[in-house]
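Everything below concerns the one structure shown next.
Numbering (our numbering), first residue to last: 6 to 180.
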């Protein structure tokens with residue numbers, strides 16, 4: 006069974022690099038303190054509880070499960086990390102059930118353009134830094150103006166063998 010991912014169009018392909026235009030989508034997000042690994046695990050569990058039913062569908066007065074999608078993204082922030090789950094494309098902030106946990110927010114993400122680099126293996130601090138530097142150098146050589154913030158996107162469950170994992174660094178293009 007394929008897991009839904011955000012829709013995008015590839016504008017430039019230069020493997021392993023791409024420039025993409027993403028359609029608008031919605032995320033459930035939470036902020037977490039701690040190091041990358043601990044924050045990733047804690048953020049994942051927090052939002053997973055939301056999609057598995059820790060929510061309230063106002064018009065039904067009941068909880069509702071939400072389909073799992075990919076990727077799970079992690080973004081560094083001044084005070085820790087922001088973890089996102091992309092919501093199914095048929096959903097919006099208006100149609101999704103409200104999180105019962107006040108630490109989870111629903112947020113629309115407008116259409117945007119992003120540069121991406123794909124890599125396999127574990128998402129360690131070293132691999133994230135290396136891939137981010139590669140992506141920034143590739144974009145700079147093409148005179149693309151990038152946001153200062155990179156997202157770490159992971160598409161596979163933790164039981165996937167490292168060489169089969171799909172990871173990406175995503176950086177938004179500046180308008």
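Positions of the beta carbon are idealized from the N, C-alpha and C atoms, including for glycine.
Please return the same chain residues whose Cβ sits closer than 6 angstroms to the Cβ of residue i, not counting the five positions on each side in sequence.
{"i": "residue 108", "result": "35"}
Report the three-state DSSP secondary structure of residue i (helix, strand or coil).
{"i": "residue 125", "result": "coil"}
{"i": "residue 106", "result": "coil"}
{"i": "residue 144", "result": "helix"}
{"i": "residue 38", "result": "coil"}
{"i": "residue 14", "result": "strand"}
{"i": "residue 167", "result": "helix"}
{"i": "residue 100", "result": "coil"}
{"i": "residue 152", "result": "strand"}
{"i": "residue 69", "result": "coil"}
{"i": "residue 84", "result": "coil"}
{"i": "residue 57", "result": "coil"}
Compute the distance between the beta-carbons of residue i and residue j, then report whether it is under 8 angstroms.
{"i": "residue 178", "j": "residue 151", "result": "yes"}
{"i": "residue 62", "j": "residue 51", "result": "no"}
{"i": "residue 121", "j": "residue 23", "result": "yes"}
{"i": "residue 31", "j": "residue 105", "result": "no"}
{"i": "residue 45", "j": "residue 79", "result": "yes"}
{"i": "residue 181", "j": "residue 15", "result": "The displayed coordinates of the chain run from 6 to 180. Any statement about residue 181 would go beyond what the structure contains."}
{"i": "residue 160", "j": "residue 76", "result": "yes"}
CB-CB under 8 angstroms to residue i, same chain, minus the five flanking residues each way: which ones, in chain order?
{"i": "residue 27", "result": "11, 12, 13, 114, 116, 117, 118, 119"}
{"i": "residue 167", "result": "125, 126, 127"}
{"i": "residue 93", "result": "9, 71, 72, 74"}
Using the beta-carbon count (16 or more within 10 Å), is residue i buried or exposed?
{"i": "residue 180", "result": "exposed"}
{"i": "residue 60", "result": "buried"}
{"i": "residue 43", "result": "exposed"}
{"i": "residue 140", "result": "buried"}
{"i": "residue 148", "result": "exposed"}
{"i": "residue 156", "result": "buried"}
{"i": "residue 33", "result": "buried"}
{"i": "residue 142", "result": "exposed"}
{"i": "residue 29", "result": "exposed"}
{"i": "residue 67", "result": "exposed"}
{"i": "residue 95", "result": "exposed"}
Looking only at its chain, what residues have a beta carbon closer than 7 angstroms to the beta carbon of residue i, apart from the 5 residues adjacent to it on each side?
{"i": "residue 49", "result": "77, 88"}
{"i": "residue 55", "result": "33, 104, 106, 109"}
Margin query: Pairs of beta-carbons, one from the stretch 130-142 and one from the stretch 170-180, closer than 8 angstroms: are there three or more?
Written below: Short answer: they touch.
Notebook entry, point to check: How do the stretch 74-85 and the stretch 25-44 stand: do at least 3 beta-carbon pairs fall below 8 angstroms, yes or no?
Noted result: Counting C-beta pairs closer than 8 angstroms gives three or more between the stretch 74-85 and the stretch 25-44, which meets the contact rule.
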